[in-house]
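Engineer: The sequence shown runs 1 to 551 under full-length UniProt numbering.
Where a beta carbon is used, it is the ideal one built from N, C-alpha and C, also for glycine.
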Amino acid sequence: MSTSPLSLEAKEEFRLMPLRAIAVSAPDWIKGAKDSRALNSQDPASLFNACRYAAHRTFDPSSAWSRSNWAGTRAQRRAQTLLMYSLDDMPVFAEMLRRERPNLLLIGAMTLCLPGAVACASLAKELLGEQVVVVLGGRHPSESMYLEKHSERMPEHVRHHPSSPLRLMATGRLPRVFDLVVAGDGEHLIAALGEAVAAAEAEGSADLSCSVLERLDARVPGSWIAGALDGDTPRVLPSTGARLDYSRMPSPSRMFGAVAGFNVFGGRVTAHAFSDTGRGCVYDCGFCSERSSVTGGLRDAASSSERLHRQLAEAVTVISEDHPARGASAFVEDSVILGGSPRLVDQFVDRLESEPLDIVFGAQLTIDQILTRRAQLARLAGVGLRYVFVGVETLVPEAIGGMSKDLGRHQAPWLSRIHRALAFLGELGIHCGCAILFGLGETQERRLELLEALRMMRGMYGMPSPVSANWAVQHPLCGQDGGAGYEYIEWGTPEGPFLECFHRFGEASVRYPLPHVGPPRLEEVREVTARLDTLEEPLGPSLPTQGEHYS
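1. Quick check: the Cα distance between Phe178 and Arg78, rounded to an integer number of angstroms?
2. Taking the beta carbon of Ala191 as the centre, do at least 16 other beta carbons fall within 10 Å, making it buried, or is it exposed?
3. At which residues does the alpha helix (DSSP H) containing Glu143 begin and terminate?
4. Can you grab the Cα-Cα spacing for the pair Arg386 / Leu428, in whole Å?
5. Taking the alpha-carbon positions, what's the Cys113 to Ser253 distance?
6. Using 8 Å as the threshold, is the C-beta distance between Ser304 and Thr277 below it?
7. Go to Asn470, then tell me how far its beta strand (DSSP E) extends in each direction, as first and last residue.
8. How about Ala260 and Asp43: do their beta carbons lie closer than 8 Å?
9. Which parts of the segment 45-96 are runs of the alpha helix (DSSP H), unbroken and 4 residues or longer, counting only runs that do not cross its ends?
10. Could you tell me if Ile370 is buried or exposed, where buried requires 16 or more neighbouring beta carbons within 10 angstroms of its beta carbon?
11. Pro238: which of Pro221, Asp245, Tyr246, Gly231 sits nearest, CA to CA?
12. Taking the straight line between their C-alpha atoms, what separation do you get for Leu312 and Ala273?
13. Check this for me: beta carbons of Leu104 and Leu19, under 8 Å apart or not?
14. Residues in its own chain within less than 8 Å of Gly479 by CB, not counting five upstream and five downstream?
15. With a Cβ-Cβ cutoff of 8 Å, do Arg417 and Asp368 count as a contact?
16. In three-state terms, what does DSSP make of His272?
17. With 16 as the cutoff for other CB atoms within 10 Å, does Gln411 come out buried or exposed?
18. Across the segment 458-467 and the segment 116-136, are there enough close Cβ pairs to call them in contact, namely three or more that are closer than 8 Å?
19. Tell me whether the beta-carbon of Gly257 lies closer than 8 Å to the beta-carbon of Ala75.
20. Could you tell me the alpha carbon to alpha carbon distance between Met90 and Ser144, rounded to whole angstroms?
21. How many angstroms separate the CA atom of Met110 from the CA atom of Ala199?
22. Check for me: the beta strand (DSSP E) holding Leu104 runs from which residue to which?
23. Relative to the C-alpha of Pro497, which residue among Arg167, Pro519, Tyr512, Glu523 is closest?
24. For Asp217, which residues of its own chain have a beta-carbon under 6 Å away from its beta-carbon, when the five flanking residues on both sides are left out?
25. Would the beta-carbon of Val336 be found less than 7 Å away from any heavy atom of the ligand PLP?
26. Is Gln364 helix, strand or coil when you go by DSSP?
27. Could you give the C-beta distance for Thr81 and Ser68, rounded to a whole number, given that I count them as a contact under 8 Å?
28. Which runs of the beta strand (DSSP E) at least 3 residues long sit entirely within the segment 302-335? Give them in chain order.
29. Report the rounded CA-to-CA distance for Trp491 versus Ala328, giving the unit in angstroms.
30. Take Gly186 as the anchor and find which of Ala469, Asp230, Pro141 has the nearest alpha-carbon.
31. Per DSSP, Gly433 forms a beta bridge with which residues?
32. With DSSP collapsed to three states, give me the class of Val220.
33. Is the distance from the Cβ of Ser509 to the Cβ of Thr493 below 8 Å?
34. Let me know the secondary structure DSSP gives Ser251 once reduced to three states.
35. Find out if the Cβ-Cβ distance for the pair Cys501, Val517 is shorter than 8 Å.
36. Can you tell which of Ile430, Arg351, Glu333, Ser341 has its C-alpha closest to the C-alpha of Ala378?
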């Protein structure tokens, strides 16, 4: 451990600040930078979403957050967060640790980010020792430490996947660098963690991490689990499951601002918006980490259309204040906007028609929703919908065992429906981007056919663009992982030729493929990457390329 000495002035400043927090999204790649043609955002949207209630507590004088390094402007709060891509970003993180000297480090991690989260936590402990409480949360802990039944909420009901960080630390497979691991709803829990750290520090606790877990109240709203090691035994605290009232939750843009921009929105600043209708998707496609059997169904739907309208209204206000020379846009991050409910979408449009906003926005829909809700899409276009992102995934769904969202499979072939959806969106003036997914068990011939079909569509309709490519990764999925049992303690893709190719993809891995498929072959990945590069050649001055989805 090598903690650096502090000046007397700095010591006094930190003494008066009982809570010093930073939040980072851990890197998922061992080295390198994301290819400019791959989807990439400057905003850590999920991190902002999880931390928004804690940020809101800075306005409450009774809260330790109001006397923390998060008190101040949106820009000042934003400066306490970091979105990391690879270990190349570690110097920036190290400087952040030295500047802020946090006593609470929040690390968010997807599954492929676990080695990166360990690297971040290890560096924090090296620089700050036991003066910092390191908390790991995010999608990976939520899929690897879970309740077998949500109605049974005692410690003995908590289950651990082989990749559970608590379990891996207990068995010596990971270094003991995480003081707490948290799963589930983070909004109120993160705020409570900050209060607990501040109280423990004010009392001069010798062991901050132990004090923090003891101070947590299981009645803190949300469905969550917090855990720490007690010797070699994981000790867990499940919440009581008290309802989390999303109607009282601020928007991420209101708390942290917005700086990114989708070029499809004509240079406007783009905020990330959420209707908070659930943790994942209403559909249950077997290959998807957001499938409903893992993330749960719709929740708190009654006021969701009102919440989404309010988030867009707050985005307009924030962007007009922070970027007065640019207009406002937003992308609705729901896996399917408002859970795909026609009633909720109608309510949302009704509200926008009665209280218009100077904003354009994008959202995610399925191919069949586009085709079966034409009147609703026309109304959405009338109130500002300018961009739709769809999951094309594959050319022949039957070849990969089918897709839950493929509801129109008995009416027309998948490819035919994609063509019809693009033509209809074009008539409405709505641009379309798409995601495709390899590594599901399809042949290389099918992959190349899919890319050729997309190339032809771009020639016919000027879209889809961008095309976000991914290579399927097996996730823990609360034990629904097909028996893979991966621990994820090694980087998903080591240094070498695969890594060079995969910077072109959103998510991809050599080490953690779907167990019934096996790892990708280098020559096939190279061929697909070359075709992707050809696919993204500009079609005209008004069309966005892959890297221009964000700017």
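Structural biologist: On the basis of the coordinates in this document:
1. If I take the Cα positions, the gap works out to 23 Å.
2. buried
3. 139-144
4. 9 Å
5. 25 Å
6. A Cβ-Cβ contact shorter than 8 Å links Ser304 with Thr277.
7. Membership of Asn470 in the beta strand (DSSP E) is indicated by the continuous run 467-471.
8. yes
9. List check, alpha helix (DSSP H) in window: 45-56, 74-78.
10. buried
11. Pro221
12. 7 Å
13. yes
14. Tyr146, Arg159, His161
15. The Cβ atoms of Arg417 and Asp368 sit closer than 8 Å to each other.
16. strand
17. exposed
18. no
19. yes
20. 26 Å
21. 30 Å
22. 104-108
23. Closest in C-alpha terms to Pro497, from the list Arg167, Pro519, Tyr512, Glu523, comes Glu523.
24. Counting only Cβ-Cβ distances below 6 Å, and skipping sequence neighbours, we find nothing.
25. The model depicted lacks the ligand PLP and carries no ligand whatsoever.
26. strand
27. Actually they do not touch by this definition, with Cβ atoms about 13 Å apart.
28. If we require 3 residues or more, the beta strand (DSSP E) runs fully inside the segment 302-335 come out as 328-332.
29. 38 Å
30. Closest by alpha carbon: Pro141.
31. Phe389
32. coil
33. Cβ distance < 8 Å, so Ser509 and Thr493 count as in contact.
34. When DSSP states are grouped into helix, strand and coil, Ser251 belongs to the coil group.
35. no
36. Ile430
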